[in-house]
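Chemist: Just dropping this structure here.
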């Protein structure tokens, strides 16, 4: 049975596991400085840093933001030693069942096989690709904006909700007005 558990830095063993998995799973320009990530984990009430457990074994991480009308899933990774066992699908299903409002996430442009597979994975879980240009703001000073797409699970519509969703993510996650 999979479960999600919100953590803080007050649990150093679990927090270190999550931080190491984040660094191993994402390029440096796709996560904020670790000092800031720690601060957000402990102080931002609407930011949820979660360990994914299979029974009592940590197998992944998923972070998300609660924006009242939708959730923004920022990072999702399964431990490389646990991949290809269906845990990603189960964890995402658990998340979608737990969160009762739409979920938005960013995906890389489908210009390589891995990005195409990732989009297909989310589509199989019920997410819809918003084929509308979106630029992920930089997490660190000096980094560039990254071309991405948004994907949505739930009842948001690209034509009417894109700008408000983008504005909320830019303001709350990236600090851009």
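In my numbering, the protein residues as written are 17 to 193. Glycine included, C-beta positions come from ideal geometry on N, C-alpha and C. Keep in mind it's a predicted model, so treat the numbers as computed, not measured.
Determine, using beta-carbon pairs with one atom in the stretch 32-45 and one in the stretch 97-109, whether at least three such pairs fall under 8 Å.
Modeler: no
Chemist: Use the C-beta contact count for residue 173: other C-beta atoms within 10 angstroms, 16 or more gives buried, fewer gives exposed.
Modeler: exposed
Chemist: Can you tell me the Cα-Cα spacing of residue 180 and residue 21, whole angstroms?
Modeler: Those two C-alpha atoms are separated by around 29 Å.
Chemist: Under 7 Å Cβ to Cβ from residue 193, same chain only, skipping five residues before and after it: list those, please.
Modeler: 187
Chemist: Within the same chain, show all residues whose beta-carbon is closer than 6 Å to that of residue 169, passing over the 5 residues directly before and after it, in chain order.
Modeler: So the list reads 112, 119, 142 and 143, once near-sequence residues are dropped.
Chemist: Between the C-alpha atoms of residue 68 and residue 89, what's the straight-line distance to the nearest angstrom?
Modeler: 14 Å
Chemist: For the beta strand (DSSP E) holding residue 20, just list the boundary residues, first then last.
Modeler: 18-22
Chemist: Within the same chain, show all residues whose beta-carbon is closer than 8 Å to that of residue 39, passing over the 5 residues directly before and after it, in chain order.
Modeler: 47 and 50
Chemist: Starting from residue 69, trace the beta strand (DSSP E) both ways and give me its first and last residue.
Modeler: 63-70
Chemist: Under a three-way DSSP split, which group does residue 79 fall into?
Modeler: strand
Chemist: What residue range is occupied by the uninterrupted beta strand (DSSP E) comprising residue 110?
Modeler: Taken as a continuous stretch (DSSP letters only), residue 110 belongs to no beta strand (DSSP E), being part of the alpha helix (DSSP H) at 103-114.
Chemist: Exposed or buried, which one is residue 167 when buried takes at least 16 other CB atoms within 10 Å?
Modeler: buried
Chemist: Checking 9 Å against the spacing of the C-beta atoms, do residue 79 and residue 63 come in under that value?
Modeler: yes
Chemist: Specify the secondary structure class of residue 144 as computed by DSSP and reduced to three states.
Modeler: strand
Chemist: In the DSSP assignment, what residue or residues form a beta bridge with residue 73?
Modeler: 70
Chemist: Return the CA-CA distance between residue 17 and residue 71, expressed in angstroms with no decimal places.
Modeler: 6 Å
Chemist: Among 164, 117 and 32, which one has its Cα closest to the Cα of residue 132?
Modeler: 164
Chemist: Do residue 121 and residue 92 come within 9 Å of each other at the CB atom, strictly closer than that value?
Modeler: yes
Chemist: In the DSSP assignment, find the beta strand (DSSP E) that holds residue 190 and state where it starts and stops.
Modeler: No beta strand (DSSP E) holds residue 190; the alpha helix (DSSP H) holding it covers 174-190.
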